[in-house]
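In the UniProt record's numbering, the protein residues as written are 1 to 764.
Every residue, glycine too, gets a C-beta built ideally from N, C-alpha and C.
Contents: one structure, followed by commentary.
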C-alpha cells in the first residue's frame, strides 16, 4: 500500500514537473511571438482577448505588449495540449516548441535572423502586407531616407498623393479642408494645390512637363534621327496649297474648277469618288503642259479644302499651318470682308506666302483699284506696289486665269524650293479624323516628309498603331504615299486630334509607350480642368446664374460630339459664338468639350457634374448611353443638320430669359408641356399636357408661355385625368386642362402652375 502511494506521489511530481517545463516553454514561446511583433505595431485599440484570437488565426498579426496578452496565448496553447493527449509522451512539449521555430524562420526570411530594426518597423507600419500578397510580401519595403520625392502632372488624386507622401489619405483630406478644398480620396486636385500639400510635408516636388513640351521633346524616344536631310537626298515635291477667302467670293467655284481637272486626270469617275473626296477634303491637280518643274515628282499641286464660313476659322488656321502657299480669293465687287481679314491673319501667323486671286472682275460693280488699296491697308502688298505678293484675275465659269494661277503657284514653289526626302520614315500632320463603322478610327493625314507605307508603325498625337490601309482622294488603295500626298489612314488605336503630328517609327514598343504617356498627360489635363470647374468660384457663379434673377448673364454649357473632328471644332465654334450674336439675350453659351466619335460615359459624367447638355451631330448615342444619361439627368440632343442644332441652342437660350412671373401669381408649384390640343363639345378647346415638374391642381394660377412670350395668365377652371374630373395631377402624369376665357393653346406651349405661398406647404 505504501509502495502504491509512493508511486502515485512520484507520478504526480513527474507530471507537475512536466507541466512546469511546459508552462516555461509556453511562456518563452509566447514572448518570442509577442515581443517582436508587438513592437512593430504603432497602436492597437482592441482588447487582449481579441488580439489573442487574432494571433491564433494569424501568427503574423500584431498585438499589444503587456502581460494581458500572455494568458490568451497560453490559453490557446493549453487547448492545443489537451487535443494532443494520447499522441505519445512529450507530444505537448514538442507542439509547444513549434511556434518558436516558426517565428525564428520568419525572422530569418526578413533578413538578419534577429528582431526588426526601428527603421524596418516604421517601413512595415507604413506599408502593411496585403492579404493574399505573393512573392516578397513578407519582406519589409526599402526605407526611404530623407524627404519624400513627388512628381506631379497636371492633376493627381488625393489617394495617390497620400501614397506618394507616405501619409494617411485622411490627413491629406484634412489639409485640403483647411485650404477650403473639399475632395474625396478618389477625386483629382490640381498640381498647384497638390504641391502646397506636399511641401507642407517637407517633400521634394518635381513638376512633370506639359503635353506641348512632350509632343516634340520625346520624338527621339522613337529611334528617329532628327537631323536635317542631306541635300543630295532631297527631291521636288508638289506644293500644298490652301484656298481661303470670304463666303460667296467664289472660293467654292474655284475649288470645283480645279477638282474637275483632278478627276479628269484620274481613272476613277467623279460620281464614284465624290463622297470620298468630300471626306478627305484634298486632291492633287497636275500642272498644265509647260508649267511647273521638269521633275516628275513635283509636277502637281495638292489642294486642301478649308470651309469658308466664319465659324470654320479654326479649321482655316489648321489648314494654313500645314500648307506651303495660300490662295486668297477676293471678290472685285465686294472687296476685303471679315473672313478675308481672318484668312490674312492665319496666313501671316503661319508665315505662309499669299497669292491673291481676284474673282468677279467682269461685274459692273467691280472696283479692282479700290480692292487693291484695301489689301494694302492689311499689309498685303502686291507686286505693282513694290511688294512680293503675286495676283491674277480668274473666272471659274469660263476657266480664264486658271492656268495663269497655276503658273504663279509653280513660280512661288520654285522660289520656296519645296523639296523633301522620300527615302526615310514618314512624318506629317493629321488634317481630319472620324470614326467609321467597320473600320474604326480613320485619319486624313498629309505626308510632309518621307514615304508612308502600309505596315508602318506610326504615332499620331496620343494614338498609335500599324497602318492597315491607305486610300487616296479617288478611293484607290495605295501601298505607299509619297511627300505631299493626302490619304486616309486606317489602323490607329483611337481618334487623333486635328493638327497632331504623325511620325512613323521602327520601334513598336516605343510608339506604344509614347502614345500611352501622351494619353496620361491628356487625362491629367482634363481631370485638372474638371477639378477647377468643380471648385472654382467662377463655376459656382455660372451655376447660380441659371436661377432667374440672381445674375444678369446666364450660362448654357454643352458637350459636343460629332462624326468628324473638324465638324466638332466648327460646331463648337458656332455654338460658342451664338451668345455674342445677340447681347440682348444675356445668355452665354460655352462648350466644355468637343470631339469626334460616339458619346461615351466620360462625356455623360462631365455633362452631369457641370449641368451641361450633350449635342450629338451625326453621332447617335446608343441605347445604353441614353439609359445612363437618363439616370443622371443629362439631356442628349441629336442632329443631322447643323442649322437644326443651332436653332435648338437658340431656343434653349430664349427659354432661360422668360419674363419673371408677377407676384400676384404666387409660388411656382409645377410646369406642364402641351402635347396636343383638341375640342370637346361645349367644353371647347382642351390642351393635353404632361406634368414635367411639381403638380397642378384646380384653382392654380396659370401662365402659358410660347417661347419667351406670355400668351395667357389666369386661373385653371377644369382639370381632367383621362375622362374624369380630378382635383390634382402630379409629376409624370398626363392630364387635360381648359379655361373659360382662353382657347389659344398650341402644342409645345409651356404651362406654369402657381399657388398662393401660404398654400404651397399643404400641397407638397
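- Annotated three-state conformation of residue 736 is strand, per DSSP.
- In the structure shown, residue 177 adopts helical secondary structure according to DSSP, grouped into three states.
- Judged by their CB atoms, residue 189 and residue 329 are not nearer to each other than the 8 Å cut-off.
- Rounded to the nearest whole angstrom, the CA to CA distance from residue 564 to residue 439 is 14 Å.
- About 11 Å separates the Cβ atoms of residue 338 and residue 249, ruling out a contact at the 8 Å cut-off.
- Selection 452, 447, 717, 605 evaluated against residue 240 yields 447 as nearest (Cα-Cα).
- Taking the Cα positions, residue 393 is about 24 Å away from residue 351.
- Listed as beta-bridge partners of residue 157 by DSSP are 188.
- The Cβ atoms of residue 610 and residue 624 lie no closer than 8 Å to each other.
- Within 10 angstroms of the beta-carbon of residue 151 lie fewer than 16 other beta-carbons, which makes it exposed.
- Taken through DSSP and simplified to helix, strand or coil, residue 721 comes out as strand.
- Counting along the chain, the unbroken beta strand (DSSP E) around residue 441 starts and ends at 440-449.
- Note on residue 391: 16 or more other CB atoms within 10 angstroms of its CB, so buried under the neighbour-count rule.
- Put simply, the stretch 413-422 touches the stretch 229-237. At least three CB pairs are less than 8 Å apart.
- In the same chain as residue 204, and ignoring 5 residues on each side of it, the C-beta atoms closer than 6 Å to its own belong to 147, 149, in chain order.
- Secondary structure in the stretch 568-648: the alpha helix (DSSP H) runs of 4 residues or longer, each lying completely within the stretch, are 601-610, 623-631 in chain order.
- Excluding residues up to 5 positions away in sequence, 671, 673 lie with their Cβ nearer than 6 Å to the Cβ of residue 692 in the same chain.
- With 16 or more other Cβ atoms from the protein chains shown falling within 10 Å of its own Cβ, residue 441 counts as buried.
- DSSP lists no bridge partner for residue 700.
- Less than 8 Å divides the Cβ of residue 187 from the Cβ of residue 157.
- The bridge partners DSSP lists for residue 326 are 242, 354.
- Between residue 689 and the set 613, 731, 261, the nearest pair of CA atoms involves 731.
- Across the structure, residue 302 and residue 358 are spaced so that their CA atoms are roughly 21 Å apart.
- In the structure shown, residue 520 falls within a helical segment according to DSSP collapsed to helix, strand and coil.
- Taken through DSSP and simplified to helix, strand or coil, residue 385 comes out as helix.
- Within the same chain, and ignoring the five residues on either side of residue 372 in sequence, the residues whose Cβ sits closer than 7 Å to its Cβ are 382.
- In its chain, beyond the 5 residues on either side, 560, 591, 594 have a beta carbon closer than 7 Å to the beta carbon of residue 572.
- Leaving aside the five residues that flank residue 496 on each side, the residues in its chain whose CB is nearer than 6 Å to its CB run, in chain order, 430, 433, 443, 460, 461, 463.
- Distance from the Cα of residue 606 is smallest, within the candidate group 620, 619, 628, for 628.
- Per DSSP, residue 682 lies in no beta strand (DSSP E) and is assigned neither H nor E.
- Residue 302 carries a strand assignment under DSSP once its states are collapsed to helix, strand and coil.
- Its chain contains 457, 491 as the residues whose beta carbon lies nearer than 6 Å to that of residue 466, once the 5 sequence neighbours on both sides are disregarded; these appear in chain order.
- A distance below 8 Å separates the beta carbons of residue 717 and residue 739.
- Secondary structure note for residue 555: it is in no alpha helix (DSSP H), and the uninterrupted beta strand (DSSP E) holding it is 554-562.
- In the structure shown, residue 714 falls within a strand segment according to DSSP collapsed to helix, strand and coil.
- Between residue 445 and residue 487, the C-beta gap is smaller than 8 Å, which places the two residues in contact.
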